[in-house]
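Student: In our numbering, the protein residues as written are 27 to 728. We put the beta carbon where it would ideally sit given N, CA and C, even for glycine.
1. Per the contact definition of three or more C-beta pairs closer than 8 Å, is the region 347 to 357 in contact with the region 310 to 328?
2. Is residue 290 near residue 340, with beta carbons less than 8 Å apart?
3. To which residues does DSSP link residue 196 through a beta bridge?
4. Buried or exposed for residue 470, please, with buried defined as at least 16 other CB atoms from any protein chain shown within 10 angstroms of its CB.
5. Please go through the same chain and pick out, in chain order, the residues whose beta-carbon is closer than 8 Å to the beta-carbon of residue 188, but skip the five residues on each side of it.
6. Quick check on residue 661: does DSSP put it in helix, strand or coil?
7. Can you give the Cα-Cα distance for residue 429 and residue 593, rounded to whole angstroms?
8. Can you give me the start and stop residues for the beta strand (DSSP E) that residue 178 sits inside?
9. DSSP puts residue 296 in a beta bridge; with which residues?
10. Taking 8 Å as the limit between beta carbons, can you name the residues of its chain near residue 511, skipping five residues before and five after?
11. What ranges does the alpha helix (DSSP H) occupy inside the region 421 to 500, keeping only unbroken runs of at least 4 residues that lie completely in it?
12. Count the other C-beta atoms from every protein chain shown that fall within 10 angstroms of the C-beta of residue 706, then say buried if there are 16 or more, exposed otherwise.
13. Residue range of the beta strand (DSSP E) that residue 54 falls in?
14. Just to confirm, are residue 518 and residue 535 a CB contact at a threshold of 8 Å?
15. Between the Cα of residue 166 and those of 91, 148, 196 and 59, spot the shortest distance and give me the residue it belongs to.
16. Along the chain, where does the beta strand (DSSP E) that runs through residue 216 open and close?
17. Provide the residue span of the alpha helix (DSSP H) that contains residue 515, from first to last.
18. Identify every residue that forms a DSSP beta bridge with residue 28.
19. Which complete alpha helix (DSSP H) runs does the region 123 to 181 hold, if anything under 4 residues is left out?
20. Measuring only the C-alpha atoms, how far is residue 382 from residue 572?
21. Does the beta-carbon of residue 95 have 16 or more other beta-carbons within 10 angstroms, so that it is buried, or is it exposed?
22. Tell me the rounded alpha-carbon separation between residue 52 and residue 171.
23. When you compare the CB positions of residue 466 and residue 478, do they come within less than 8 Å of one another, or not?
24. If we count the other Cβ atoms within 10 Å of its Cβ and call it buried at 16 or more, is residue 97 buried or exposed?
25. Taking the C-alpha atoms as reference points, what is the distance between residue 93 and residue 261?
26. Have a look at residue 487 and residue 279 and give me their C-alpha separation to the nearest angstrom.
27. Which residues in the same chain have their Cβ closer than 7 Å to the Cβ of residue 574, if we skip the five residues on either side of it in sequence?
28. Candidates 587, 30, 615 and 214: which alpha carbon is nearest residue 564's?
29. Hey, how far is the Cα of residue 55 from the Cα of residue 255?
30. Can you list the alpha helix (DSSP H) stretches of 4 or more residues lying completely in the region 216 to 263, in chain order?
31. Using the C-alpha atoms, what's the distance from residue 267 back to residue 524?
32. Could you check if residue 184 is buried or exposed, using at least 16 other CB atoms within 10 Å of its CB as the buried criterion?
33. With H, G and I counted as helix, E and B as strand and the rest as coil, what does DSSP make of residue 384?
34. Is it buried or exposed, residue 112, if we count other Cβ atoms within 10 angstroms and call 16 or more buried?
35. Just curious, the beta strand (DSSP E) that residue 189 is in, first and last residue?
36. What does the alpha-carbon distance come out to for the pair residue 461 and residue 450?
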C-alpha cells in the first residue's frame with residue numbers, strides 16, 4: 027500500500043540567501059534516502075517546500091513496507107568449506123552461524139563458479155522493512171548533509187544542547203493520515219505545525235495537517251502561509267507588475283529570490299521618497315534600495331527613475347500606513363547618504379585623484395593601481411593607433427578609468443565602479459568618449475552584456491582585459507578547475523567577443539606582445555603569451571559552439587590558429603556551406619590524406635623549393651588533368667578569397683573532385699624515381715595550399 031508522505035521541520039527564521047539550497051537539499055536527501063531503501067514507486071513525485079520558518083517535502087506513492095528481496099549470499103570458497111573427504115569444515119559452520127543460518131546443510135547451498143575458483147552461495151528472501159525505520163535513517167542522513175552556512179548551538183526546553191542552522195520547534199511526519207513517531211533534534215513527529223507568525227492569533231497559531239496531501243492547502247487556508255517558494259515568487263512578481271501600472275518595475279531574479287525567502291505571505295505596498303533625490307545618479311538610488319532595503323525601484327517607460335518604489339511585506343492589512351511610513355523613513359537616510367557621497371565626490375576631479383592610486387596595491391607582485399594604470403594607458407594607446415583612433419583621447423580615457431575607485435560612492439557601493447566614473451568625468455567636463463570609456467572599459471561584464479559603443483571605449487576595454495590576462499597569468503594565478511579569482515575566463519571571452527563582433531582587424535599575437543611589453547619593469551616577469559593564446563583559443567571554441575557550429579567545422583578553422591578573428595564567423599559559415607555539398611566528404615578525405623603525405627615528406631618538399639610543379643615531369647593522365655584543373659581554378663579561387671567570398675572560395679574547390687579522385691586512384695605519389703616523386707609532392711603541396719586557404723577542410727573528415 028502506498029500513500030503520500032509529508033515531512034516538515036519548523037524552525038526559527040532561516041538565512042534567506044541559503045533557503046533555496048537548504049530546501050532542495052532537505053527534499054533531495056529524504057527522497058534519495060527512501061529511493062535507495064526501496065520505499066518509492068517508479069512514478070513517485072516529490073515536491074519541495076521552503077519558507078523562512080520551515081523546510082518540507084511531500085512525496086507521492088511511498089510504500090508502508092519495502093518489498094521482500096531475494097538475496098544471494100556468498101558463503102565460503104569450496105576449498106575452505108570442504109575438507110579432504112568432502113565434508114563441511116568448522117569454518118563453514120562458523121560462517122553459517124554468523125550469517126544467521128546455523129541449521130543449513132551442504133545440500134541447501136549452491137555450488138557455483140566464482141572467478142577462477144568455486145564457492146558456495148545461499149539464496150534467501152529477506153522480508154521488507156517498515157517505513158518508519160528507513161525514513162528515520164533517511165531523515166537523519168539528509169539533515170546531517172544539509173549545506174548549512176553556519177551551525178548554531180541552542181538549548182532545548184529539556185535542557186539538551188542541539189546544533190542546527192536555527193532552533194527547531196516542531197517535526198511533522200505523516201504517511202497519509204498516519205503520524206510517524208520519528209525523532210529529530212529532540213523533537214518527535216506529529217501532525218501539528220504553526221501558521222503565520224503575525225497573521226494568526228498566538229492562541230490559534232497551531233495548524234493540524236489532516237493528511238499529507240492536504241499540507242499546502244491547509245497551511246494556505248488556515249495558517250496564511252504559502253509553502254512553495256515558486257508560488258510565493260510568482261505571486262510577488264504578479265503583484266509588483268500590478269502595482270507598477272504603466273511604470274516598469276526593476277526586479278532582478280536574485281532580488282526576487284531573496285525577498286521570496288523573507289516572507290511566508292507576501293503583500294506588495296507602494297512607498298515614495300522625495301523628488302530631490304532624483305538629482306542623484308539613479309544607479310546609486312536603485313542599488314541602495316535593492317541591496318540595503320530589498321526594495322523594488324520603478325522607472326518610467328524611458329527608463330528614468332520614479333520617486334515611488336515597491337516593498338514586499340510579510341503582513342497583510344487594510345491599514346498599511348504604518349508599514350509604508352516605516353519603510354519610507356528607513357530608506358530616506360540611505361538616499362541621503364547617496365546624495366551626500368555624490369555631492370562630495372563632485373568637489374574633486376577624477377584627475378586630482380590619480381596620485382592616490384599609488385597608495386592602492388593592485389597585487390604585491392604587480393605593483394600599485396597607479397602602475398597598472400600606466401600599463402593599461404600605454405597599451406590602450408597602442409591599440410588605438412592600430413584602429414586609427416585618437417591616441418591622445420584614448421590614453422586620457424585609460425588614465426582616468428580607475429580614478430573613481432577612490433570616490434566615496436564607489437567605496438560604499440563597489441558595484442558602481444565605472445558607472446560613477448562616467449558621471450564624474452562628465453561633471454569634470456571631459457570629452458564624452460572619455461566619460462563613456464570609464465564605464466564601457468568594464469564591458470562586457472557577463473555573457474550577453476553589451477560591448478563598448480565607442481572605439482575609445484573598445485581600445486581601453488581591450489587594454490584592461492589583456493593587461494589582466496598577461497599580468498595575472500605571468501605570476502602563476504591562471505584558472506584551475508572551477509577557481510578563477512581574477513575572472514580570467516571572463517576577460518578572455520570579452521576580448522574575443524570584441525574582436526569577433528566588432529570585426530576588429532587586430533592580431534592576437536601582436537596584442538599579447540604589446541601587453542607583455544608593459545611588464546618589462548616587473549621583476550622576474552616571464553612572457554606567458556603562448557599559454558594565454560592557447561587559453562583564449564579554448565574559450566573561442568566555446569563561443570563558436572554556442573553560435574551553432576559543429577566541433578569539426580570549428581576545428582577546420584581554429585586548428586589553423588588564425589591570428590585575426592574579424593572574419594572567423596564568415597569562414598565558419600563558408601565551411602558550413604561547403605560541408606553541405608555532395609563533393610565535400612570526398613575532398614575532405616583527400617585533403618586529410620594529402621596532409622599526412624606532406625608531413626612525412628617535408629624534407630623532400632624543402633628540396634623542391636620555389637620551383638613548383640615541372641609540367642614536363644607529369645607522366646600519368648590523372649596527374650596531368652589534376653595540374654590543369656588546379657591551374658584553371660586558381661584565378662577564380664584567388665579572386666573569391668581576395669574579395670572575402672570564403673563560401674565562393676570553398677565552393678570552387680568542388681570542381682576538383684573528379685580530378686582529385688582520379689589522381690589518388692591512378693597515380694603512385696611515392697614513385698621510385700626521385701624527380702617524379704618530388705614533382706608529384708609539389709603538385710599535392712600546391713593543391714593543399716589552395717584547399718586550406720579558408721580552413722583546414724581535412725578536419726571535416728575527422
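Tutor: Well, looking at it:
1. Judged by Cβ distances under 8 Å, the region 310 to 328 makes contact with the region 347 to 357, as three or more pairs qualify.
2. In this structure, residue 290 sits near residue 340, with a CB-CB distance shorter than 8 Å.
3. According to DSSP, residue 196 bridges with 36.
4. That one is buried.
5. Excluding sequence neighbours, residue 188 sits near 179, 180, 181, 182, 194, 211 and 212.
6. Note: residue 661 maps to helix in three-state DSSP.
7. If you take the alpha carbons of residue 429 and residue 593, they lie about 36 Å apart.
8. First-last of the beta strand (DSSP E) with residue 178: 178 to 181.
9. Residue 296 is bridged to 336.
10. Around residue 511: 503.
11. Complete alpha helix (DSSP H) runs here, min 4: 434 to 438, 445 to 453, 458 to 466 and 481 to 500.
12. Residue 706 comes out buried.
13. That residue, residue 54, is in no beta strand (DSSP E); its alpha helix (DSSP H) goes 45 to 62.
14. Cβ distance not < 8 Å, so residue 518 and residue 535 don't count as in contact.
15. Nearest option by C-alpha distance: 59.
16. Note, residue 216: beta strand (DSSP E), 213 to 216.
17. Counting along the chain, the alpha helix (DSSP H) containing residue 515 begins and ends at 514 to 527.
18. Answer is 89, bridged to residue 28.
19. Taking only runs of at least 4 residues, the alpha helix (DSSP H) segments lying wholly in the region 123 to 181 are 157 to 170.
20. One C-alpha to the other measures close to 43 Å.
21. Answer is exposed; the Cβ neighbour count stays below 16.
22. Approximately 8 Å between the Cα atoms of the pair.
23. Yes.
24. Answer is exposed; the Cβ neighbour count stays below 16.
25. Distance from the CA atom of residue 93 to the CA atom of residue 261, rounded to whole angstroms, is 42 Å.
26. Going by the C-alpha atoms only, they are around 28 Å apart.
27. Excluding the 5 residues flanking it on each side, residue 574 has no same chain C-beta neighbour closer than 7 Å.
28. When only C-alpha atoms are compared, the closest one is 587.
29. Distance between residue 55 and residue 255, taken at the CA atoms: about 18 Å.
30. At a cut-off of 4 residues, the continuous stretches assigned as alpha helix (DSSP H) that sit fully inside the region 216 to 263 are 241 to 249.
31. Roughly 36 Å separates the two Cα atoms.
32. Residue 184 counts as exposed, since fewer than 16 other C-beta atoms from the protein chains shown sit within 10 angstroms of its C-beta.
33. Residue state for residue 384 is assigned as helix, using DSSP reduced to three classes.
34. In the assembly as shown, residue 112 is an exposed residue. Its beta-carbon has fewer than 16 other beta-carbons within 10 Å.
35. Start and end: 187 to 190.
36. Their Cα atoms are separated by approximately 8 Å.
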